[in-house]
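Protein chains in written order, with our numbering: chain L, 28 to 575; chain F, 32 to 432; chain X, 6 to 336. The structure appears right after this line, and notes come after that.
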Amino acid sequence: MTDLVVMRDIEIEGRSDEVWMPIIKGIDLTLKKGEVLGLIGESGAGKSTLGLAAMGFARDGVRISGGSVEFDGIDLLAASADVKRGLLGKRIAYVAQSAAASFNPAHKLIDQHTEGPTQHGVMSKSESEMDGIELYRKLRLPNPDEIGFRYPHQVSGGQLQRAMTAMAMSCRPDLIIFDEPTTALDVTTQIEVLASIRDIVEEYDTAAIYITHDLAVVAQMADRIKVLLKGDEVEENETREMLSHPKEDYTKSLWAVREFKRPQKPAVHTDATPVVSVQHVTAAYGKVPVLHDISFDIHAGRTVAVVGESGSGKSTAARCITGLLPPSEGVIEFDGEALPGNYRQRNKMQLRQAQMIYQMADTALNPRKTIGEIIGRPVQFYMGLTGREKRKRVEELLEQIELPGSQYIDRLPSELSGGQKQRIGIARALAAEPKFIICDEVTSALDQLVAEGILRLLAQLQDELGLSYMFITHDLATVRSIADEVVVMKDGQVVEQGPKDEMFTPPHHPYTDLLLSSVPEMDPDWLTNLLAERGVDNIGDAAVGKMD
Amino acid sequence: MSLWLTIIVALVACLAGGWVMRFAGQKATNNAPAFRDMPLGVAFGWVLGVTLLIWVVYTYYLARTLPQPDANKYFFFRTAIEWFIIFAVAAWIFRVFGRLVGTAGSRKLFRQMPLTASFGLLVILSYALVAIFAGILAPYGQEQVLEGVAANIPPGGDPAMGGNPEYPLGTDQIGRDILSRLIYGAQNTVGIAFATTCLAFFLGGSLGLLAAVLGGWLDQVLSRAVDVLMAIPSLIFALLLMTIASAWAGSERWLLTIYMVIIIAVIDSTRVFRLARAVGLNIVVMDYIEAAKLRGEGLSYLIFKEILPNATAPLLAEFGLRFCFVFLTIASLSFLGVGIQPPLADWGTMVRDLAQFINFAAFAPQVAAAPLLAAGAIALLTVGVNFVVDWMLKRSSGLKE
Amino acid sequence: MNSVLKIIAQRLALGLLTLFIVSIVIFTAVNLLPGDFAEAILGQGATPEAVESIRRDLRLDQPPITRYLEWLGGAVRGDLGNSFAQANFASFVGDDSGTRTTVAQQIAPRFANTMFLAGVTAAIAVPLSVGLGVLAALYRETVFDRFTNIFTLSSISSPEFFLAYVLILFLAVLNPLLPSLSNIYEGMGFGERLQKTLLPALTLTLVVMAHMMRMTRAAIINLLASPYIEMARLKGMSPMRVIVRHALPNALAPIINVIALNLAYLITGVVVVEVVFVYPGIGQLFVDSVKIRDIPVVQACCLIFASAYILLNLTADILSIVSNPRLRHPK
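Shown next as structure tokens:
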């Protein structure tokens, strides 16, 4: 096989505050014809920037400052604008992360599909239309004959992502750059998109660069994997080799994350009073019903994970418990005592007992207040401590979350890293000395290693302080590592609930089964096996089923 | 018509020049990417820009070298260029000064500052100084009728034109020194506009934030009321209300000035309300506000401790813009004769009173400069404020990324 | 398509409602005049007969609601009442009502003049500023963009009369190309009329253009940052095609909005500019009437300005709904 893309010593810089800062610090990349290379790294690793550079393209405020990019013998960095335009779309195509934003809202899908082939003179409009419909069929889009004649906003996210893959295929390019194409999708949708992308890339023997932060996904898609860290290459190897024998410490630590798992705790006494008891709660936003008669209990010292895809009502359940959304029916009991539905009617004691940790630490901490003020406020508000006592307590709390107090107490949130900010959020919740904490997707905005640290900290705090957690998440790996009990939600209803080990061993409720089996695993054969198990038609049916 | 023809020929020539330049550039640099990928429009733009620059330099050269009275025609052009250079140099020096003196924070600020913003700051600073020390700077009082001096001395200070060098801007119809009135104008016009803006901010800002935090019927009522008030163009509404106010004030003219402050503040507070509410709503949806609400915090804590510190940057920028708007509205009202009332000196009224001198421009440019000086004084301050606000907005949007 | 019609109908109804409330606000404001309305208008030196005449004329014996409904009913039919100014106040004393000028008679020709001025301004300003705004967005952060930024900021900051006098200075006094006074009269030829309108129109152009350019630039930059534009470029489309096919259909709504908003802004602008150039338009009439407290004229002008303002904002609203593909092609 010959080399299709050869990148030598690529250096890329981005402008911030009128100064050029390095994003990519000298990386080599080779891609053979028909090969799929996985680019993996945490946020800020520069993987998207590198992917775009393989097309000879740099976004506004970014420049390729050194090195060379050769595509099939053509020097892309020296090529004239006309030559580059002739390659883009025709021989090199791009699939963006957000298909919903990357399709032009003013034109129908098929018109955007045919634009490439007609403008590059590959096919006539009618030929390309026929071909588009054929591609839609191959990508297992529902109603392939008619879906292209819709506008982007009339089509769901997972289908748009496949339509975009079809568009990238429209000129039968030699290379496609996939930039996190499934990151914004739910797990069950992700499977369908992954399967169809893999099939079509194989069928046309297209080379691809597949960019993602999800190891398990890249294991399914790529022949080779390259790991990036802060603009530098960590290592590169064949997928199977990389999975079984990672060389570098960083790569090993990435792999290790998946192994943190707490043992199952013994069952609770059936007659024990739960800390929080949600009983037959029904709630609606205005006239739109979101929760239908849900019930579950959370016992002292236990973690209940509430799992579901977006729109399942798991966050709404949390809003009902905190009193932000008073339920229209049902009650929420705390230590056996019914709480007022609206938080405004709850007393200070009731408010103090239940605290919350948020997904986005950036919006959860007031950017204009110092760490000391943020954590000190609940200390003063609930405990009545002031002056030196308050400061001492804040320092204690900072010790508890493993940030040395004297060093952080006077800083602003913007001076901390994402993981540190999340820890401050935990400290603020602890400051109220609560019994019960709601953790709303607390690790989903964080990189894996950092997320792991947060999970360990939460587990440790639970053991020390006897806290109860309600852990809202869409990520089953997180559930596996921290939960004692699991509540599975779908469309505002509780589908199944029970102790973790029971939930993760068959038999499952069909939806739990779908959810569990859709979580990618690190095994490169996982997708193939799963598809064989389910049967390809099944996936297509699932997609059609979603439409209705 | 020959003028139009000249312009068209010049543009076509520039287009041709652009093509030639690009072609020559490609040949000379052996197809360097800069020339190879240059669209014709960009080449045209470069040639046009250079041509205009040459024209400006040539005209300035004419203005400096032509004998009187031909040079009169270029007097304003020449003055404009010279002032432009003086201002640019002053702003540059000011920025260098700012980079060397002051705290670490202010030095850093000056290092990132574009020249326009430092120019704006310099202007604001000097206006503030003139306004505060008007009593010391002005040779005479603003209401002082000079005894033994003729009324209606034309500006310019040129005895040949009937002027008097002791009164460089002349005297008005009852014999008051116009230069002194111009200096006092800084105090009155800027001061009144500043007070009005503060009032508008107090009204609109507090109601807007309250509407954002409380929501519900209060928000609905206030927002609908503001919608209706904003459906009437502000200058028109101000004029209508001033008509009524003038009837209320009767012969008490100082009262009319106070009414004007209130009227403009109320009209302008609607705009402040909109912005404060929008900014407030953006902050209210943040999780830290939810956390504070769930903690059981009261309304005043939410507004003063959680929301306000985060709203200051956009509100400060809006304050600058609102000030410009109020300042221009007051100047326009005064120009139309229903704004700040005599005997208070103010720039809008002054422009109207001196406007007829413009027609002397061809043979006595110094005389014609007087009304433009007053109008320019208004423009200069608003330009300064706008430059600073523009920079602030750009900075805060840049920080978000 | 039906939902779009429904939204448009809602907006129209809302616009009418706003206009109705605005008319109440204007009427109430005028009725806030202190003490006796008639005395307030005529001043203290007025004869009792004159005061009585005005009272009768304004039907002050009636309750305010009746008067408001009568005024509104008249306004809808185009009858805006009688002006105080044109007729000598003395004529109020006698019963010779034939010599009085109605407000409508006074406003009609001036309204046409103002529309002509606004039309000429729009014809110059709209294509120029949209074009330059798009250019500034395409070549942002270049010398051209910085220069236009300084230029537009300066012209936004300058009061209308300053720009007007600067233009008079350079184009009328120093280089006598255009007349500095716009004495428009009826039966004037179009060419001459245009020439006399040009200087006020240019002043307004400068004011409006700056706003329009900045808003167009901001809208286009916002648009060019969207992922689908990047996608079009990555599909290898030519810059021209990216602009025409991908940016323009989506830019239409914001640009239309910008134009309508700025035409609405023109309404305020005409007042000062008409005064400077002694242009016989509705703005000058308004200012003159304010000075002599000719209440019926002030009221009528206010209503006309407000209607035009609301109408333009409504047009912007409706056009941006119509040009939004998400609303045109509902799910």
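Note that CB positions come from ideal geometry on N, CA and C, so glycine has one too.
Residues of the region 358-377 of chain F whose Cβ lies closer than 8 Å to any Cβ of chain X, in chain order = L359, A362, S363, F366, L367, G368, V369
Report yes or no: is there a C-beta of chain L within less than 9 Å of the C-beta of L71 (chain F)?
-> no
Buried/exposed call for G194 (chain X), threshold 16 Cβ in 10 Å | exposed
Opposing strand residues paired with L202 (chain F) [DSSP bridges] | It should be noted that the sequence gives Thr, not Leu, for residue 202 (chain F). DSSP, once it has assigned bridges, lists F:D208 as partnering T202 (chain F).
Of the residues L:A234, L:V110, L:R346, the one placed nearest L64 (chain L), counting alpha carbons only | For the residues L:A234, L:V110, L:R346, the minimum Cα distance to L64 (chain L) belongs to L:A234.
Identified DSSP bridge partners for S43 (chain L) | L:V46
Below 8 Å CB to CB, which residues in the same chain sit around G368 (chain F) once its five sequence neighbours on both sides are set aside?
-> T380, R383
Are the region 468-487 of chain L and the region 297-310 of chain L touching, with three or more C-beta to C-beta distances below 8 Å?
-> no
Rounded C-alpha distance that separates A406 (chain F) from I320 (chain F) = 47 Å
Chain-order list of residues whose beta-carbon lies under 8 Å from that of S129 (chain L) (same chain, five-residue window excluded) = These residues qualify, in order along the chain: A123, M191.
Which same chain residues, not among the five before or five after F118 (chain F), have their C-beta less than 7 Å away from its C-beta?
-> Taking C-beta separations shorter than 7 Å and ignoring five residues to either side along the sequence, the partners of F118 (chain F) in its chain run F150, following chain order.
Outcome for V46 (chain L) when other beta-carbon atoms lying within 10 angstroms are tallied against a minimum of 16 = exposed
Please report the Cβ distance between L79 (chain L) and I51 (chain L), rounded to the nearest whole angstrom; I am assuming they are in contact, meaning their Cβ atoms lie under 8 Å.
-> No, L79 (chain L) and I51 (chain L) are not in contact; Cβ-Cβ is about 11 Å, not under 8 Å.
Exposed unless 16 or more other CB atoms sit within 10 angstroms - verdict on A63 (chain F) = exposed
Return the chain-ordered list of same chain residues with a C-beta closer than 7 Å to the C-beta of A256 (chain X), the five sequence neighbours on each side being excluded.
-> A224, I225, L228
Could you run through the region 228-240 of chain X and flag, in chain order, every residue whose CB is less than 9 Å away from some CB of chain L?
-> L229, A230, S231, P232, Y233, I234, E235, M236, A237, R238, L239, K240
Extent of the continuous beta strand (DSSP E) to which S322 (chain L) belongs = The continuous beta strand (DSSP E) containing S322 (chain L) extends over residues 315-325.
Take the Cβ of S102 (chain X) as the centre, count every other Cβ of all protein chains shown within 10 Å, and call the residue buried at 16 or more, exposed below.
-> Note on S102 (chain X): pLDDT 45, under 50, position unreliable in the model; no value is reported.
Closer than 9 Å, CB to CB, is M423 (chain F) near chain L or not?
-> Cβ-Cβ to chain L under 9 Å: no for M423 (chain F).
Expressed to the nearest angstrom, what Euclidean distance is found between the alpha-carbon atoms of I155 (chain F) and G415 (chain F)?
-> 6 Å
List the DSSP bridge partners of F394 (chain F).
-> None; F394 (chain F) has no bridge partner.
Does any CB atom of chain X fall closer than 9 Å to the CB of N313 (chain F)?
-> Chain X places no beta carbon closer than 9 Å to that of N313 (chain F), leaving this residue out of the contacts.
Taking 9 Å as the CB-CB cut-off, is A133 (chain L) touching chain X?
-> True, the Cβ-Cβ gap to chain X drops below 9 Å.
Per the contact definition of three or more C-beta pairs closer than 8 Å, is the region 197-209 of chain L in contact with the region 227-247 of chain L?
-> yes
Would you check if there are 3 or more beta carbon pairs closer than 8 Å linking the region 158-175 of chain F to the region 201-211 of chain F?
-> yes
Would you mind working out which of L:D467, L:T215, L:Y163 sits nearest F176 (chain L), comparing C-alpha positions?
-> Nearest of L:D467, L:T215, L:Y163 to F176 (chain L), Cα basis: L:Y163.
What are the residues of the region 316-334 of chain X that lie near chain L, defined by any Cβ-Cβ distance shorter than 7 Å?
-> P330, R331, H334
Beta-carbon contacts of M214 (chain X) that lie in its chain and below 7 Å, excluding the five residues immediately before and after | A130, L133, S134
Endpoints, the alpha helix (DSSP H) within which Q377 (chain L) is located = 375-380
Where do the N-terminal and C-terminal ends of the alpha helix (DSSP H) with Q427 (chain L) fall, by residue?
-> Where Q427 (chain L) is concerned, the enclosing alpha helix (DSSP H) starts and stops at 414-427.
Residues of the region 339-371 of chain L with a CB closer than 8 Å to any CB of chain F: list them in chain order, please.
-> T349, G350, L351, Y370
For the alpha helix (DSSP H) containing S471 (chain L), list its first residue and its last residue.
-> Looking at the DSSP string, S471 (chain L) is not in any alpha helix (DSSP H), and its letter there is neither H nor E.
Can you give the Cα-Cα distance for T202 (chain F) and I409 (chain F), rounded to whole angstroms?
-> Taking the Cα positions, T202 (chain F) is about 20 Å away from I409 (chain F).
What are the start and end residues of the alpha helix (DSSP H) that includes Q110 (chain X)?
-> 108-143
Residues in the region 377-390 of chain L with C-beta within 7 Å of chain F's C-beta atoms, listed in sequence order?
-> L378, M383, Y385, M387, T390
Count the other CB atoms, across all protein chains shown, that sit within 10 Å of the CB of I309 (chain X); report buried if there are 16 or more and exposed otherwise.
-> buried
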